[in-house]
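As you go down the protein sequences, you meet chains V and H in turn. Residue numbers 19 to 782, in my numbering, belong to the letters of the first sequence in order. Residue numbers 2 to 52, in my numbering, belong to the letters of the second sequence in order. Single-structure report; data block below.
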Amino acid sequence: MMKFALAGNPNSGKTTLFNGLTGATAHVGNWPGVTVDKREGLYKKCAEPISIVDLPGIYSLSPYTPEEVIARNFVLEENPDCVINIVDATNLERNLYLTTQLMEIDVPMVIALNMIDVVDKSGDRINEKELEQRLGLPVIRVSALKGEGLQELMERAYQASKQKRNGVTVLEDSALKHLISDITIALDGQNVQNPLFHAIKLIEQDELEVEMHKETVKMVEAFKKTFTDELFGNDFEALIADGRYKYITNNFSVVMQHKNPDRFRLTKSDRIDKALTHRIWGIPIFLGILFFIFHLTFSEDLFFLGSIFGLPELPEAWYTPEGDPINFWVLLLSCFYNGGVFSPGCIINNLWNEIIVGIPFGALQGLVEESGMQSWAIGLINNGIIDGLCGVLSFLPWILTLFCLFSILEDSGYMARVAFILDRLFRKFGLSGRAFMPMIMGFGCSVPAMINTRTLADDKERTATVRVIPFFSCGAKLPILTAIAGGIVAAYGVGNADIITYSMYVLGIVTAVISVLAMRSTTLKGETPPFIMELPAYHPPRFKSLILLLWDKAKHFIKKAFTIILASTIIIWVLTHFDFSWKLLEDDQINQSILAQLGMLFQPLFTPMGFGSQLGQFGWVFVVAAVTGLIAKENVIATFSTLAACLMAVSGLDFGNLAINAEDGIDAVRAMIQATGITVPALLSFIAFNMTTIPCFAAVATAKSELINKKTYNLTLLFWVVTSYIVGAVVYTVGSWWWTAFIWALVAALAVVVIKLYNLRRNS
Amino acid sequence: MGPGEILLIVACSAIVISVVISYFIRKKQGKTCCGDCSSCGGTCSCNKKSK
């Protein structure tokens with residue numbers, strides 16, 4: 019099968035083009051460095067199917083970063099039939115630097131002039147025919163975002179792939195050309211493929227080339243002695259780079275015609291940046307935007323209108339004595355308003371739970387009740403499987419709303435600015451702003467976030483970042499946060515769910531910052547690498563890619579619910595309905611079950627965090643939930659939902675049929691609160707523990723493969739356990755007894771002193 | 002125990018066993034992909050234990 023490679027600068031639109039050509043839904047972000055490895059897809063609209071390989075974004079073919087090595091090795095060693103060089107038309111001159119290097123390789127090549135629509139809109143003009151003539155390569159106008167010009171691009175690439183092409187250099191200095199020619203001939207004589215490219219890289223003393231052609235290096239050095247340059251002397255790398263830029267400047271300033279001759283004027287993005295990246299207001303604006311996102315997702319009092327204007331709740335007469343709405347219209351209205359206007363996230367969530375999940379699953383439970391099956395079978399289906407699944411599925415709309423809003427921020431280009439804003443702050447803690455991008459990805463899923471740390475050049479910085487990524491609460495942890503926040507508000511009537519959730523997210527970030535500070539001051543001490551990042555222009559998010567992202571997220575969540583979560587709920591139900599002699603137990607005998615006995619065994623260990631021995635006979639449910647969360651974090655709420663019916667049976671509480679109630683995950687937490695008497699600080703400590711402890715299996719496996727060696731991996735596991743224990747204990751003790759804040763402050767001060775002494779000893 | 006209960010036991014066992022087996026197969030193949038492609042910049046390469 020034919021193979022075409024997509025190569026270009028970071029954030030030039032390669033992945034958008036890849037998605038457009040192959041129908042894939044790979045993650046696209048408006049910041050440089052989203053793609054860290056190559057990926058393949060299939061294009062079927064040509065004369066024959068073509069495999070498309072999306073390479074990570076690179077600025078050159080020099081091996082400065084892992085991405086550059088991946089892209090270079092692919093083009094040189096995998097012999098693609100054609101290279102499609104994506105050039106950002108809004109940044110033509112800079113993008114052509116890579117083009118001049120790719121041209122030196124003996125591979126058919128076409129230029130995709132991407133984002134040409136943005137250039138046209140600005141009134142500027144690129145003469146692509148002139149560009150094509152000067153480069154000697156086909157140039158095609160495309161807009162990957164709008165899907166324009168893709169068919170023509172592939173047809174021209176297909177035609178180009180049928181013809182052999184030899185590499186050419188753009189370096190015009192005659193003495194340098196002579197030197198390159200001599201070495202090219204010598205390499206060609208040794209049957210080296212792509213001799214021109216290797217010759218130039220050998221002259222540059224490229225470390226990979228020197229390693230590959232050890233025997234030729236001496237000859238190259240001998241050739242180089244015959245050459246001197248007045249300006250650069252023997253710095254051949256600088257000399258060649260200068261030669262490329264001279265060629266670009268001389269040839270391509272005529273290709274680009276600017277509508278406004280003063281092209282260094284402030285653009286719209288620059289003007290927005292003046293406010294959003296302000297050195298003082300930048301971080302408060304970011305925190306404000308973050309809070310606004312949480313408010314739009316979780317608040318039951320949008321813009322606090324209910325509190326400000328004292329809006330009334332729906333009349334009691336509209337509800338039955340059991341608390342159910344008297345008809346469908348009241349039910350529908352209560353999804354939008356009840357003493358305050360609900361946020362969009364809450365409205366979608368209510369509609370989902372009341373109508374889409376509640377009605378069919380409620381009906382299914384009714385059918386099971388009337389099926390005439392034995393009581394244990396009814397219990398397994400209704401209380402184990404359906405309640406467990408509904409408990410997790412009830413959070414899907416909130417997850418999608420939150421990710422939709424995060425994705426809008428990312429697509430707009432704002433997240434790249436946040437990395438820039440935070441660089442100064444991060445630098446104080448031993449990280450560069452670059453480390454922020456994987457951390458932000460951690461809000462989605464820890465696995466790709468850990469993979470994205472490959473873009474960090476320094477191993478110690480990378481290890482520190484991998485370790486703190488799980489503290490950035492991922493989508494799977496969201497049900498824990500929202501269910502417990504909702505449970506606290508419902509059971510204790512304190513606070514707002516959105517503020518509690520937001521605070522726990524911020525706690526995760528603060529824990530990450532403190533952990534990095536501790537690591538980079540002690541075991542992972544090292545220089546913080548400089549941070550250079552190209553800020554992309556702001557642009558409105560693309561509706562289609564937003565929908566595809568949400569679809570992917572929903573698909574993944576539902577698939578996980580009906581596989582891992584479903585299997586877990588079955589296992590949990592079995593373990594709570596059998597004792598060690600495998601005798602079937604009734605719901606009210608739950609404390610004799612295998613799970614309860616095991617949970618009770620470990621319960622004392624969690625006492626410092628508030629959900630251990632002090633909770634009495636049912637306290638083990640929190641221990642069990644925390645452990646099942648190690649498989650997948652959604653399991654925590656699935657465990658609560660599965661156990662809720664049993665606890666209600668024992669404790670005499672009744673919340674009705676959980677599956678037909680709204681927010682049934684929240685009701686499951688309410689059942690836990692009432693059955694165990696757990697306090698608010700202990701619940702917050704439980705969230706903090708789950709946020710910072712060992713992440714799910716998939717994330718642990720990724721950490722193992724991404725970390726530098728097994729010792730670092732084992733230390734990382736230990737780090738997660740210790741950190742979660744400390745954070746949980748701090749949250750509980752400070753929340754329970756304010757005066758202990760003073761003691762913990764003293765402990766923190768002592769830790770700082772110990773770190774300083776450790777460093778002094780190490781330095782001496 | 003009626004046919005409904007037997008069917009339930011078989012179905013539940015099949016679900017649990019298939020999830021466990023698929024986990025071990027993926028582990029043996031060295032796959033670490035979480036399956037959540039919506040946040041992923043690595044896609045198919047997540048499956049390789051490459052550094």
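Note that the Cβ used here is the ideal one computed from N, Cα and C, for glycine as well.
Under the criterion of beta carbons closer than 8 Å, G59 of chain V and F92 of chain V do not qualify as touching, at roughly 15 Å. With a beta-carbon spacing of about 3 Å, G324 of chain V and G358 of chain V fall inside the 8 Å limit used to define contacts. Nearest to M433 of chain V by C-alpha distance, out of V:L443, V:F421 and V:M455, is V:M455.
Taking the CA atoms as reference points, S533 of chain V sits about 16 Å from L440 of chain V. The beta carbon of V348 of chain V sits closer than 8 Å to the beta carbons of L332, W336 and Y337 from its chain, once the five residues preceding and following it are set aside; these are given in chain order. The DSSP assignment places complete beta strand (DSSP E) segments of no fewer than 3 residues inside the region 48-82 of chain V at 57-61 and 68-72, in order along the chain. The C-beta distance from S179 of chain V to D106 of chain V rounds to 23 Å, too long to meet the 8 Å contact threshold. A Cβ-Cβ distance of about 5 Å is found for the pair M468 of chain V and V484 of chain V, placing them in contact under the 8 Å criterion. Between S563 of chain V and Y523 of chain V, the CB-CB gap reaches or exceeds 8 Å. Cβ-Cβ distances below 7 Å link T419 of chain V to T315, P362, G363 and I366 in the same chain, with the five nearest sequence neighbours on each side left out; the list follows chain order. In terms of Cβ geometry, D597 of chain V and G397 of chain V do not form a close pair [threshold 8 Å]. The beta carbon of A667 of chain V sits closer than 6 Å to the beta carbons of D605 and D606 from its chain, once the five residues preceding and following it are set aside; these are given in chain order. Nearest to G41 of chain V by C-alpha distance, out of V:A25, V:F321, V:K56 and V:S69, is V:S69. Here P67 of chain V is exposed, its C-beta having fewer than 16 other C-beta atoms within 10 Å.
In the structure shown, the three-state DSSP call for S599 of chain V is coil. Counting other Cβ atoms within 10 Å of its Cβ, L736 of chain V stays below 16 and is therefore classed as exposed. A check of alpha carbon separations from V160 of chain V across V:G637, V:E173, V:F640 and V:G448 identifies V:E173 as the nearest.
DSSP places D124 of chain V outside any alpha helix (DSSP H), giving it a letter other than H or E. By the rule that beta-carbons nearer than 8 Å mark a contact, I16 of chain H touches chain V. Nearest neighbour of A515 of chain V by Cα position, chosen from V:D124, V:T529, V:L525 and V:T500, turns out to be V:T500. Taking 8 Å as the CB threshold, V20 of chain H lines the interface with chain V. Inclusion of P713 of chain V and P488 of chain V in the CB contact set at 8 Å is warranted, their separation being smaller than that value.
What I588 of chain V touches in chain H, judged by beta-carbon distance under 9 Å, is C13, S14, I16 and V17, going in chain order.
Taking each of V:A437, V:F624 and V:L768 in turn and checking the Cα distance to V740 of chain V, the smallest one comes out for V:F624. Taken in chain order, the whole alpha helix (DSSP H) runs of length 4 or more contained in the region 686-747 of chain V are 698-710 and 715-724. Under the Cβ criterion of 8 Å, Q383 of chain V is not counted among the residues facing chain H.
Within chain H, the residues whose beta carbon sits less than 9 Å from that of M391 of chain V are G3, G5, E6 and L9, listed in sequence order. If you ignore the 5 residues before and after F658 of chain V, its C-beta comes within less than 8 Å of the C-beta of G409, A501, V639, A643, G683, A686, V687, A689 and M690, all in its own chain and listed in chain order. Secondary structure of D106 of chain V (DSSP, three-state): strand. Taking a beta-carbon distance threshold of 8 Å, L163 of chain V does not count as an interface residue toward chain H. The Cβ neighbour count for N732 of chain V, taken over all protein chains shown within 10 Å, is under 16; the residue is labelled exposed. The Cβ atoms of I88 of chain V and D477 of chain V lie no closer than 8 Å to each other. DSSP lists V:Y337 as the beta-bridge partner residues of P343 of chain V. From the beta-carbon of A25 of chain V, no residue of chain H is found nearer than 8 Å; the closest lies around 16 Å away. Residue contact with chain H for A585 of chain V: present (Cβ-Cβ distance below 8 Å to some residue of chain H).
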